[in-house]
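Colleague: For what it's worth, my numbering labels the leading residue of the sequence shown as 3, then goes sequentially.
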Amino acid sequence: MISNKYPTLNLIPRETDAVRHHLFKDYDSNSKSFYSEGTLKFDVISNKLAEINGGESGMNEMEVMVNKYSSNKMCNYEAGDQLVIYPVNSQCIVEALLDNLDVDRHAIISVDGQPEAYPFPSGIIVHETLSHCADLGALVSPNFARMILQRKDIDYKAEIAHPRRTLIDLLLQHQRKLSLEDLLFQIAPMKPRYYSIASSSFKHPTKIRLLYRKIKYVTSLGLLREGVCTSYLSYKGHLGNQDARKAHLAAYINRNPEFRLPKEGHVPILMIAVGCGVSPIRALLEERVALIESGRRLGSARLFLGFRTPDDEVFQAPVEEAIKVGALDDVSVTFASGDEDKRLVTDVLLEEGEYIWNHFESGGVAFLCGGARSFGAAVEDVLLKIFQLRGSLDYSDSEQYLRRLRNEKKIMDELA
């Protein structure tokens, strides 16, 4: 097909049908790189359920290390940093889309003669462009949807956004065909995903641990959806540390200097986390354990954790180790559902209001970590109530007190 709107791309036949698993090399150095500067190849050395009874909705733990052929063998990260991962689209979706296009899937999108507005790297093949560079799991834009449906009067919210209809849905359900140009000039680019690091370089200078939960749900139209990156991570297998063959990730470390343990070790800390928000908390605890083992004296530390169910509770061993060596004084764990007492972590915070008020009044800091910004808002609401009840402040003064704590970096958060 030929696009009536976008300039024709210059394609060059390729002698081989090999498709690469990453975009680190082998294409023209004059072309812009798809990866950000500092992106490295990481080897996957472990990938497993974080809790044995977690099931398909449970959390998974992955361990990676810099590839041995990398020029930089050290991860060079700190507790609080993030690993930013470039995912790859599901190959069954890529193949279905390629079947829809009237184009050689192994043809190279040439560096020479491409329009300046072309949004992706040149010098790679069509298959690799769709696998790595285009977000095939994203919703199509309103204009793109109108072009595919061939009508202008669409109700975007009702027809596209709410039922979460993607490009391949629209093409197959309405039996439409696309040109390569119409697709690539309008599809959303693949964005890397941020994952909080769940380890400390004090103990693991060459390795990084991650925690993720595979996103999986059914749309209002009855279609199964999987998160692009969490699905990609879940299929990254490993054959043991001694095997030469390892799966790889393209990723870089994002510095997060606003989320750090206090330089003054005597400062008391409060940690509040739910779900996958336990990742950066684990890193902080691991670092505190390492500091104590090195002879440092640290201030008090309390931890409030919230999980969906008891089967969802992860990292029990690191928490127990932290308590044993004195890196953690106490932990409160709540479950939102299940057979045990159902409570939210915010319920416990309200009960511990006097302790929390005294904690901030004595110069303590707090770390707030969770997988949803609504959790952060819920904790802030509880803190405002505590400031009013325990500090005898009115609502306006409570808000001002909370802003001051944030401005002075006494409250640090890591919210998805």
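Every residue gets a Cβ at the ideal spot worked out from N, C-alpha and C, and that includes glycine.
(1) Give the single residue among P165, Y397, T208 whose Cα lies nearest to the Cα of G224.
(2) Which partner residues of G308 appear in the DSSP bridge assignment?
(3) Taking the Cβ atom as the reference point for each residue, do L141 and V96 lie within a distance shorter than 7 angstroms?
(4) Closest to E17 by CA distance: which of G57, G378, D106 is it?
(5) Please report the straight-line C-alpha distance between Y397 and L352, rounded to a whole angstrom.
(6) Roughly how many angstroms separate the alpha carbons of R22 and M3, rounded to a whole number?
(7) Apart from the five residues just before and just after T221, which ones in its own chain have a Cβ nearer than 7 angstroms to its Cβ?
(8) According to the neighbour-count rule (16 or more other Cβ atoms, all chains shown, within 10 Å of its Cβ), is Y29 buried or exposed?
(9) Which residues share a DSSP beta bridge with E416?
(10) Cβ atoms of A292 and F1: under 7 angstroms apart, would you say?
(11) Measure the alpha-carbon distance for I110 versus Q318 and round it to whole angstroms.
(12) Does the beta-carbon distance from L251 to I87 come in below 7 angstroms?
(13) Hey, would you say L25 sits closer than 7 angstroms to H134, going by beta carbons?
(14) Beta strand (DSSP E) containing R195: first to last residue?
(15) What's the C-alpha gap between Y196 and E130?
(16) Assign T311 to one of two classes, buried (16 or more other C-beta atoms within 10 Å of its C-beta) or exposed (fewer than that).
(17) If we call anything under 7 angstroms between Cβ atoms a contact, is A329 one with A200?
(18) Three-state secondary structure (DSSP) at A190?
(19) With I87 as the anchor, note down where its beta strand (DSSP E) starts and where it stops.
(20) Using only alpha-carbon positions, find the residue among I126, I47, E63 that is nearest to S35.
(21) Helix, strand or coil for H250 per DSSP?
(22) In this structure, does DSSP put K34 in helix, strand or coil?
(23) Under 8 angstroms by Cβ, that's how I've got V280 and V316 pegged, so tell me the actual separation to the nearest angstrom.
(24) If you drop the 5 nearest sequence neighbours on each side, which residues of the same chain put their C-beta closer than 8 angstroms to that of G267?
(25) Going by the beta-carbon positions, is the gap between V347 and V276 smaller than 7 angstroms?
(26) What is the DSSP secondary structure of M3, reduced to helix, strand or coil?
(27) Buried or exposed: where does S181 fall if 16 or more other Cβ atoms within 10 Å of its Cβ makes it buried?
(28) Between which residues of its own chain and V269 is the CB-CB distance below 7 angstroms, once the five residues before and five after are set aside?
(29) Note the first and the last residue of the continuous beta strand (DSSP E) segment covering N49.
(30) Residues in the same chain with beta-carbon distance under 6 angstroms from M273, minus the five sequence neighbours each way, listed in chain order, please.
(31) Spatial neighbours of Y254 within its chain, please: CB distance less than 7 angstroms, with the 5 preceding and 5 following residues excluded, ordered by chain position.
(32) Alpha carbon to alpha carbon, how far is Y8 from A98? Give it in angstroms, no decimals.
(33) Pull up the distance between the alpha-carbon of Y234 and that of E401, whole angstroms please.
(34) How far does the alpha helix (DSSP H) with E363 in it reach, from first residue to last?
(35) Please name the residue in I162, E289, C278 whose C-alpha comes closest to that of K265.
(36) Taking the alpha carbon of S236 as the reference point, which residue from V128, R215, K248, I325 has its own alpha carbon closest?
Modeller: Working from what's here:
(1) Of the candidates P165, Y397, T208, the one whose C-alpha sits nearest the C-alpha of G224 is P165.
(2) Bridge partners of G308 according to DSSP: V276, T336.
(3) Cβ distance not < 7 angstroms, so L141 and V96 don't count as in contact.
(4) The shortest Cα separation from E17 among G57, G378, D106 belongs to D106.
(5) One C-alpha to the other measures close to 16 angstroms.
(6) Taking the straight line from one Cα to the other gives about 26 angstroms.
(7) Around T221: P165, R166, R227.
(8) With a pLDDT of 49 at Y29, under the threshold of 50, the modelled position of that residue is not reliable, and the figure given next carries that caveat. Burial check for Y29: the Cβ neighbour count within 10 Å reaches 16 or more, so the residue is buried.
(9) Residue pairing of E416 in beta bridges, as defined by DSSP: C371.
(10) Limits of the chain in this structure are 3 at one end and 418 at the other, which puts residue 1 out of reach.
(11) Roughly 50 angstroms between the two C-alpha positions.
(12) The answer is yes: Cβ separation under 7 angstroms.
(13) Yes; because the gap between Cβ atoms is below 7 angstroms, this pair is in contact.
(14) Unbroken beta strand (DSSP E) run through R195: 195-198.
(15) Their Cα atoms are separated by approximately 22 angstroms.
(16) The residue is buried, with at least 16 neighbouring Cβ atoms inside 10 Å.
(17) The answer is no: Cβ separation not under 7 angstroms.
(18) Reduced to three states, the DSSP call for A190 is coil.
(19) Here the beta strand (DSSP E) through I87 covers 84-88.
(20) Residue I126 is the option with its Cα nearest to S35.
(21) It is a strand residue.
(22) Correct three-state label for K34: coil.
(23) Indeed, because the Cβ distance is near 6 angstroms, the residues count as touching under 8 angstroms.
(24) Excluding residues up to 5 positions away in sequence, L293, R298, R299, L300, G301 lie with their Cβ nearer than 8 angstroms to the Cβ of G267 in the same chain.
(25) Yes, the Cβ-Cβ distance between V347 and V276 is below 7 angstroms.
(26) DSSP, read as helix, strand or coil, puts M3 in coil.
(27) When all chains shown are included, S181 counts as buried.
(28) Around V269: G301, G365, G366, V367.
(29) N49 -> beta strand (DSSP E) spans 42-51.
(30) Correct list, in chain order: I283, L305, F369.
(31) Shown here for Y254: same chain residues with a beta carbon closer than 7 angstroms to its own, the five before and five after excluded, namely S38, G40, T41, L42, V86 in chain order.
(32) Their Cα atoms are separated by approximately 23 angstroms.
(33) When only Cα atoms are considered, Y234 and E401 end up about 42 angstroms apart.
(34) Unbroken alpha helix (DSSP H) run through E363: 355-363.
(35) Closest option to K265, Cα to Cα, is E289.
(36) Looking from the CA of S236, the closest CA among V128, R215, K248, I325 belongs to R215.
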